[in-house]
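Chemist:
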Amino acid sequence: MSVRVRFAPSPTGYLHIGSLRTALYNYLFAKHHGGVCILRIEDTDRTRFVEGAIEEQIESLRWAGVVFDEGPHVGGNYGPYVQSERFPLYREYGMKLVASGHAYYAFDTAEELDAMRQRQQNAGIAPKYDRATMRNQYTVGEAETQRLLAEQAPHVIRLKVPLTAEIRFHDEVRGDVVMHGREIDDQILLKSDGFPTYHLANVVDDHLMEITHVIRAEEWLPSTPKHVLLYEAFGWKPPVFAHLPLLLNPDRSKMSKRHGDVMVHDFRGKGYFPDALVNFVAFCGWNPGTEQEMFTLEELCSAFTLERVAKAGAVFDYKKLDWMNGEYLRKKDVAELTSALLPALQERRYPYIEPDYVSSVISLLRERVAFLHDITEFGDYLFGDVLQDVEGSALADLRADDAFVTALRAWRDTVTDEDLADHDRFKGLAEGAAAAGGLKLGKFMKPLRLVITHRDVGADLFPTLKLIGKRRCIERIDSFLS
RNA sequence: GCACCGUUCGUCUAGAGGUUAGGACACCGCUCUUUCACAGCGGUAACACGGGUUCGAGUCCCGUACGGUGUACCA
């Protein structure tokens with residue numbers, strides 16, 4: 060049987076970076092096995108629905124390269140792929156469970172449930188639905204149950220967890236897991252508004268959609284026994300489970316926005332490359348067992364296996380992500396980078412943004428920054444002639460430095476286009492000018508950089524000045540001297 | 001509180017009984033150099049603790065500690 064996996068987000072907002080990782084692992088697993096990766100929207104909680112969230116999440120995923128074989132946006136033979144469009148189904152399956160004695164009606168109000176939890180808390184016992192004392196099918200009796208149903212009293216359907224059972228399941232990441240029935244709550248399957256909870260909907264859909272492997276985050280591990288019980292109650296074969304380690308904040312709590320950006324949308328906006336982000340996130344909780352760290356999506360597909368997924372949560376290291384983004388920046392095709400950068404340069408109305416010129420600037424500066432867009436500010440003196448202000452009295456001090464001014468004039472008065480086109484000639488010219496002021500080369504070059512770029516750091520001065528050209532160099536020197 | 005999961009350098013991790021415990025990021029130093037980077041070289045730095053099992057445990061078992069997740073008519 061071929062592999063069928065699903066990524067099942069709920070449309071409550073932007074796509075979380077952890078969700079991207081989960082989606083990615085599902086995708087990689089499917090592609091590794093020549094299987095199918097499905098997108099299913101879990102919108103059973105209408106109160107949390109956010110308009111546009113589905114489209115945003117699909118777009119974030121698409122940007123990252125995670126695409127689906129089936130889903131609400133591409134169709135498929137197992138649809139609909141949005142749970143709100145499948146509601147009658149869950150009711151039907153819920154009733155089957157009631158009929159077979161695996162689930163039951165309960166009529167408790169929210170207040171009654173709160174009071175129950177309060178009592179339990181006061182008594183120091185675990186909060187859990189008390190089937191023996193609350194208002195349900197068993198305590199009120201069959202006749203009363205039928206009467207309440209007939210008068211349409213608000214009710215839910217709960218899973219009847221066998222109190223003495225030991226629920227066992229195998230997890231591909233964690234091994235065998237055992238939990239006792241007495242620890243498991245009689246989970247609500249169908250809410251009083253008739254909508255299913257996640258627990259029912261996900262089991263029904265995974266079965267109907269013939270999902271073979273459920274790959275999801277570790278936070279689902281504690282509720283997996285409920286799902287196993289549901290598969291048993293329906294007489295269905297459960298899928299293989301694999302619970303992924305969590306992405307963590309620096310304090311090791313579940314990754315949240317309190318410690319930085321967590322939405323894929325944010326990473327995209329900050330200028331991370333999708334392939335860099337995917338490469339990085341793939342390594343949060345998985346590694347190939349070799350020393351190779353740079354992987355294309357295709358390489359990840361062929362290398363990825365569940366056996367190599369780690370058990371422990373991974374702190375999300377923003378610094379390493381930045382490093383990796385820089386690695387991609389240095390490796391990428393310059394033409395591609397040029398067209399990606401051009402719009403931002405146009406927006407800033409820089410005058411010198413001929414594509415070939417921009418390509419040269421990118422090649423020159425990309426080793427010094429982690430993001431492509433850093434180049435727009437880092438190289439402002441290359442794209443335009445309006446230089447940034449220099450802090451303090453550095454320029455005035457230089458103007459008062461006779462030795463330097465003498466050297467600078469010598470350079471200005473003798474520089475030719477040929478000098479700027481040939482490294483040896485450039486060096487000879489600089490040495491000659493420095494000597495004219497009685498300076499060592501280094502004592503001349505650094506101030507020269509400041510005068511022409513208004514920066515004290517940057518790429519090699521020779522290629523920098525070559526790009527700026529003789530005319531613009533002289534203009535800047537004259538402006539400095541006047 | 002209870003249940004479950006986890007624990008190798010600061011961080012991501014390799015390691016499937018015998019290793020000088022390896023790599024990457026970060027950090028520090030050196031080299032290169034007109035600066036900052038890049039690159040190269042080098043360095044600091046880890047098996048949570050206690051018991052077992054074994055000739056021999058980072059690796060297997062038990063316990064403890066610590067951490068995380070869950071404990072909703074959320075997903």
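My numbering runs 59 ahead of the 1-based position in the first sequence.
The beta carbon of each residue, even a glycine, is placed where N, CA and C say it ideally should be.
Note that this is a predicted model, so its numbers are computed, not measured.
1) Hey, would you say R367 sits closer than 7 Å to W345, going by beta carbons?
2) Taking the beta carbon of R471 as the centre, do at least 16 other beta carbons fall within 10 Å, making it buried, or is it exposed?
3) Report the three-state DSSP secondary structure of D439 (helix, strand or coil).
4) Check the DSSP bridge columns for W345 and list the partner residues they point to.
5) In the DSSP output, which residue or residues are listed as bridge partners for V542?
6) Just the C-alpha distance for S69 and T103, rounded to the nearest angstrom, thanks.
7) Following the continuous beta strand (DSSP E) through R530, name the residue where it begins and the one where it ends.
8) May I have the straight-line CA-CA distance separating L303 from Q179, to the nearest angstrom?
9) Measuring straight from C-alpha to C-alpha, what distance separates G294 and V125?
10) Measuring alpha carbon to alpha carbon, tell me which of E171, G183, V199, S282 ends up nearest V220.
11) Exposed or buried, T435, counting other C-beta atoms within 10 Å across all chains shown (16 or more means buried)?
12) Where does K296 fall in DSSP's three states?
13) Can you tell me whether V133 is helix, strand or coil according to DSSP?
14) Which of helix, strand or coil does DSSP assign to K313?
15) In three-state terms, what does DSSP make of E225?
16) If you draw a straight line from the C-alpha of P186 to the C-alpha of A89, how long is it?
17) Write down the C-beta distance between F503 and A492 rounded to the nearest angstrom, noting that I regard them as a contact closer than 8 Å.
18) Would you call the CB atoms of A341 and L365 closer than 7 Å?
19) Check whether the segment 512-530 touches the segment 476-488, taking contact to mean three or more Cβ pairs, one atom from each stretch, closer than 8 Å.
20) If we count the other Cβ atoms within 10 Å of its Cβ and call it buried at 16 or more, is P506 buried or exposed?
21) Give the straight-line distance between the Cα atoms of L431 and V393, rounded to the nearest whole angstrom.
22) By alpha-carbon positions, which one of H318, Q205, F463 ends up nearest to K499?
23) Can you find at least 3 beta carbon pairs, one from the segment 374-383 and one from the segment 410-417, that sit closer than 8 Å?
24) Would you mind sorting I270 into buried or exposed? The rule is 16 or more other CB atoms within 10 Å of its CB.
Modeler: In this structure, then:
1) yes
2) buried
3) helix
4) V368
5) Residue 542 is absent from the structure shown; the chain starts at 60 and stops at 541.
6) 8 Å
7) Where R530 is concerned, there is no enclosing beta strand (DSSP E), although the alpha helix (DSSP H) it sits in stretches over 520-540.
8) 32 Å
9) 33 Å
10) S282
11) buried
12) coil
13) coil
14) strand
15) strand
16) 39 Å
17) 6 Å
18) no
19) yes
20) buried
21) 11 Å
22) F463
23) no
24) buried
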